[in-house]
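Offset between the sequence shown (1-based) and the working numbering: plus 93.
A virtual CB, placed ideally from N, CA and C, is assigned to each residue, including glycine.
The structure appears below as structure tokens.
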Amino acid sequence: MPRPLRLILLAGALLGAGLVGWLTAASFAPQTAARGSRLVVDRQVSDLMQKLGDEQLDDEGQRQLLERLLALGRLQEAQQVLHPLLEKEPGSLGLALLMADLRRLNGDSRGARTDLDQLLRLHPDHPEVLKLRVLVEIQDGRTTQALQLLIQRFQNLGPGRRGDMGMLLADLQRRSGQANAAAGLYQQLAEESPTDARPLLALAMLRQEQGKAEEVSDLLEKARQRRGNESDTDELIDTLASSWGLSALRIRAGRPASLPQAAVPAP
């Protein structure tokens, strides 16, 4: 069963200060097991489960139990513990997303899809809801449906407001073997959001996969400028260049090429 690290990161990002400890759990769970202290966590879980069964566990204790169950990969039990917490806070987007993801990981794709469709009606353009909804479709072998969902959402948003949506769509196109469509969309997003370096970096990765080193250098230089590092060292850009066998000095010295005209999806 997949390790629930992504779940914990998602929950920690969305639930606020009360549950940010989940991030710590995600970071230290593998180390904890490696140090042989998993038995300690197991005992803590047993004690908390006993208190839960005796109805002596308050909300904070339930959160602690949920945190530990996630860290241990005991996802069925985590879903059971999460349910009453979600009933107490039905408006919590973070808890609802966590429940949908647990349903997905526990094999209930239909339940996850239902939960996420309800969330999309309330938050139609929320990137995390869309990412998880797309993940459910892909897991069920429905990549075409996932692409259709994202294309429709993308077209409903105007330029300057659809960067996150467009990146998700282009990434899925690339992973689905639609390299030309992905490249065109990355170019379009780069033009629509002239301060966003992400489309240029993504396009550079795609061109690197295609063996187009000169274009990669130009794209990395343009991304460096957008990140405010025209002459200074940029750790991200320099690391990418090094991993791809490119000279960071060569990139900084190069003249960025103009972006080719993108094929704009129909509105």
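query                                                                                                       : result
Nearest-angstrom Cα separation, counted from Q173 out to K144                                               : 15 Å
Where S336 falls, given that 16 or more other Cβ within 10 Å makes a residue buried                         : exposed
Status (buried if at least 16 other CB within 10 Å, exposed otherwise) for A346                             : Because the pLDDT of A346 is 48, which lies under 50, any placement of that residue in the model is unreliable, and the number read from its coordinates should be weighed accordingly. It counts as exposed.
Beta-carbon gap between L159 and L150 smaller than 8 Å                                                      : no
Uninterrupted alpha helix (DSSP H) stretches inside the stretch 137 to 180 (no shorter than 4 residues)     : 152 to 165
The stretch 179 to 188 in contact with the stretch 227 to 238 per 3-pair CB rule at 8 Å                     : no
Inter-residue spacing [alpha-carbon to alpha-carbon] between R317 and E328                                  : 10 Å
Outcome for D289 when other beta-carbon atoms lying within 10 angstroms are tallied against a minimum of 16 : buried
Q245 burial status per 10 Å Cβ neighbour count (16 or more: buried)                                         : exposed
L80 in three-state terms, based on DSSP                                                                     : Outside the shown range of the chain (94 to 360) lies residue 80, about which nothing can therefore be said.
DSSP-derived helix/strand/coil call for R300                                                                : helix
Separation of L162 from L242, as counted between CA atoms                                                   : 33 Å
CA nearest to the CA of L141, picked from S130, G154, V133                                                  : G154
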